[in-house]
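The structure appears right after this line, and notes come after that.
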Amino acid sequence: MELARSWSIEQTDCIKAMAAMDADSVDLTLTDPPYEEVMHAAKSVPAARRLRVDSGPELKPLDFGAIGPIRLETAREIVRITRGWALVFCTPEGIAAWRDAFELAGAKYKRACFWIKPDSAPQMNGQGPAFAVEPFVAVWCGSGYSRWNGGGRRNWWKCPTNGPWRDGRHPTEKPSALMADLCLHFSNRGSLVFDPFAGSGSTGVGALKSRRCFVGHEIDPQWVAVAHERLAATDASLHASPMLDFGSVAHG
């Protein structure tokens, strides 16, 4: 079985790079952009203030800005270049904002979906319930009726955060197994999957393992290097074992 070696990761500003892309050139946009302002405020705490009470390591501070200032431009460009689905992870507070932005750009907002994290961290300071789910909005950017491979399945995917697929270097890494499952449901074999906020490359790893092609943009050279390393390793392993199937581990 022949496998395509079609993937790339580029260090670039995503807005400028998307503006240079052809219309309707992407089958699926699957991305985890920066958080909403409210989440950045919660995570941007002084270094001297400890959030954990179990003496464990503190979470790494976020080294990127909130999505608000570029949300409308991002939505507009995603809709212009995508001929199928756009799946955008966000906080619960960001669902309505992304819905409004995509509808202003002319896309068809379908609904909010949810990633369920069975091994999510507890609320370390004990002051309230912890997050055990993370939303993403599902938007149809194509013409006509929306189409997918999920039949009548429900709008949640259950996938551990800490599985054998975890790289662990990026502070907001998504499971590549989850991203592969989303590729399987929202695109077809050989499709082009695009991530304008590629981070450490989990979307790309999931795309390759689900036999899709991948293009990623990331502005931080540190994460571009990590993503390139992970994508190259995934590509090499798939060509070494071409009959290997990644399988579906996220259930809904």
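For the sequence shown, full-length UniProt numbering begins at 1 and goes up steadily by one.
Even glycine gets a Cβ: it sits at the ideal position worked out from N, Cα and C.
From a predicted model like this one, the values you see are computed outputs, not experimental measurements.
Do residue j and residue i count as a contact pair if the criterion is CB distance below 8 Å?
i	j	result
Thr31	Phe197	yes
residue 300	Ile78	In the structure displayed, the chain extends from 1 to 252; residue 300 sits before or after that span and is not available.
Lys209	Ala180	yes
Cys113	Trp156	yes
Ser202	Pro171	no
Arg212	Ser187	yes
Ser217	Ala23	As written in the sequence, residue 217 is His, which differs from the Ser given in the question. It is not a contact, given that the beta carbons lie outside the stated cut-off.
Using only CA atoms, which one of the options lies nearest to residue i?
i	options	result
residue 272	Lys110, Asn125, Ala233	Because the chain in this structure spans residues 1 to 252, residue 272 falls outside the shown range and cannot be described.
Asp119	Gly206, Ala132, Tyr109	Ala132
Ala19	Arg80, Asp235, Arg71	Arg80
Arg76	Ile15, Phe194, Pro33, His217	Ile15
Ser191	Ser25, Gln11, Met21	Ser25
Arg71	Lys158, Gly94, Val193, Ala236	Gly94
Asp235	His217, Ala207, Pro221, Trp223	Ala207
Asp13	Ser237, Tyr145, Pro221, Ala225	Pro221
Since residue i is in the alpha helix (DSSP H), which residue starts that stretch and which ends it?
i	result
Ser237	221-240
His185	176-186
Gly206	202-209
Arg71	71-81
Ile15	14-19
For residue i, which of helix, strand or coil comes out of DSSP?
i	result
Asp27	strand
Ala112	strand
Ala138	strand
residue 269	The requested residue 269 does not occur in the structure, where the chain is confined to residues 1 to 252.
Ile95	helix
Ala107	coil
Gly84	strand
Locate the beta strand (DSSP E) running through residue i, then write down its first and last residues.
i	result
Cys213	213-218
- prompt: Counting pairs of Cβ atoms below 8 Å between the stretch 134-154 and the stretch 88-102, do you hit three or more?
  reply: yes
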